[in-house]
Amino acid sequence: MNKDPTAPLIWDWPLRLFHWLLAGAVAGAVATAWIGGNLMLWHGRLGAFILGLVAFRLVWGLVGSNTSRFSQFVTGPGAIIAYLRGQWQGIGHNPLGALSVLALLGILTIQAVTGDFAHDDIAFQGPLAQAVAQDTRDSMTRWHRLSANLLLGLVALHLAAIAYYRVKHKQDLVRPMLTGRGPSPSGTGTSGGPWYALVLAVLVGVSVAWGFQGTWLAPPPAPVTAPVHDW
Ligand code: HEM
Ligand code: HEM
Numbered sequence: 701m702n703k704d705p706t707a708p709l710i711w712d713w714p715l716r717l718f719h720w721l722l723a724g725a726v727a728g729a730v731a732t733a734w735i736g737g738n739l740m741l742w743h744g745r746l747g748a749f750i751l752g753l754v755a756f757r758l759v760w761g762l763v764g765s766n767t768s769r770f771s772q773f774v775t776g777p778g779a780i781i782a783y784l785r786g787q788w789q790g791i792g793h794n795p796l797g798a799l800s801v802l803a804l805l806g807i808l809t810i811q812a813v814t815g816d817f818a819h820d821d822i823a824f825q826g827p828l829a830q831a832v833a834q835d836t837r838d839s840m841t842r843w844h845r846l847s848a849n850l851l852l853g854l855v856a857l858h859l860a861a862i863a864y865y866r867v868k869h870k871q872d873l874v875r876p877m878l879t880g881r882g883p884s885p886s887g888t889g890t891s892g893g894p895w896y897a898l899v900l901a902v903l904v905g906v907s908v909a910w911g912f913q914g915t916w917l918a919p920p921p922a923p924v925t926a927p928v929h930d931w
């Protein structure tokens, strides 16, 4: 366990804030879907928020701090094999953990996008559902259910991996995700990201969350009523 307050900062605060907001929002989205009813409105809002968070993360992964950048931790099979042989030395996500990061971000994107076209057979449907045919709505709903199960499986695997590192390698991954500070073989920490990258990532995240709520869609046409004759 790394409780050393002078240990290098390996996770910058935007990444940590992103992570805990994401975990809370995903828990909220799953709970609201299971409870259903009026909470489906909040389910949709949380889904849009999650998509905004993922968009933020993608931008931060391109232009943010070094430990957040995909170019730093997404590697080829060679690096994964080297890691499995115990030959990897670095900070941030290891080459194997990087696969789970990509899988989680990918499945969350699929989940939010299919949700936007899904319906619950009762009173709630995603804001973009009205823009597509019934067949498409139905298959998006099936995909949304399927990917929800896949997502729950990945989250379970995520938590199991963290527990495994704790028990088997006596390595606490959670504390660095909370405080930012963690072990670094070279003694170097995260570079931190430039402020304009943070502004850009937040702007993209907010735009995506807003765009996927479908507020820009024209309202559906009013129902055509038969003319009333008073003779
Ligand atoms: C629905 C719940 C969760 C989701 C969707 C989720 C998702 C993620 C994602 C996407 C990352 C990669 C961070 C990045 O963008 O670089 C990550 C990393 C991490 N998460 Fe979670 N997470 C969840 C719950 C949790 C919980 C409850 C814990 C603590 C017990 C946790 C601990 C961690 C840690 C320690 C890392 C860093 C792993 C490493 O050192 O490579 N997560 N998580
Ligand atoms: C990434 C975020 C999301 C997560 C984690 C999520 C999760 C879930 C889960 C677990 C279910 C229950 C599936 C089942 O019955 O087996 C569900 C259902 C549903 N979700 Fe989402 N969802 C997300 C985003 C969205 C969004 C953005 C919308 C629309 C605005 C949406 C609309 C729906 C609808 C309409 C259902 C009911 C489908 C049915 O009756 O099976 N979801 N969602």
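Its first residue numbered 701, the sequence shown is counted upward by one per residue in the working numbering. Here a beta-carbon is modelled for each residue, glycine too, at the ideal position from N, C-alpha and C. Predicted, not measured: the structure shown is a model, and the values here were computed from it.
Residue i, DSSP secondary structure in three states
i, result
"W711", "coil"
"Q913", "coil"
"A861", "helix"
"S847", "helix"
"A727", "helix"
"L873", "coil"
"S886", "coil"
"M701", "Any answer about M701 is weak, because its pLDDT of 45 lies below 50 and its placement is not dependable; what the coordinates show is given next. In the structure shown, M701 sits in coil (DSSP, three-state: anything other than H, G, I, E or B)."
"S907", "helix"
"S839", "helix"
"A901", "helix"
"G737", "helix"
"V832", "coil"
"G752", "helix"
"G747", "helix"
"G893", "coil"
Any non-hydrogen atom of ligand 1 closer than 7 Å to residue i Cβ
i, result
"A727", "yes"
"A723", "yes"
"H719", "yes"
"H793", "yes"
"L753", "no"
"M840", "no"
"I862", "yes"
"L804", "yes"
"S884", "no"
"G905", "no"
"L880", "The question names Leu, but residue 880 in the sequence shown is Gly. No, Cβ of G880 sits at least 7 Å from all heavy atoms of ligand 1."
"L941", "Shown here, the chain extends from 701 to 931; a query on residue 941 therefore has no answer."
"V902", "no"
"S891", "no"
Paired residues, beta bridge with residue i - DSSP
i, result
"R945", "Examination of residue 945 is not possible in this model, given that the chain is present from 701 through 931 alone."
"Q825", "H819"
Nearest-angstrom beta carbon gap, residue j and residue i [assumed within contact, 8 Å]
i, j, result
"S765", "G892", "5 Å"
"R881", "P705", "7 Å"
"A729", "H743", "6 Å"
"W788", "P714", "With a Cβ gap of about 25 Å, W788 and P714 do not count as contacting."
"V754", "L717", "Going by Cβ atoms, the distance from V754 to L717 rounds to 14 Å, so no, they are not a contact pair."
"S884", "P708", "5 Å"
Any non-hydrogen atom of ligand 2 closer than 7 Å to residue i Cβ
i, result
"H869", "no"
"V730", "yes"
"A823", "no"
"I710", "no"
"G853", "no"
"I735", "no"
Length at least 4, wholly inside the stretch 762 to 805: the alpha helix (DSSP H) runs in chain order: For the stretch 762 to 805, whole alpha helix (DSSP H) runs of length 4 or above, ordered along the chain, are 770 to 773, 777 to 784.
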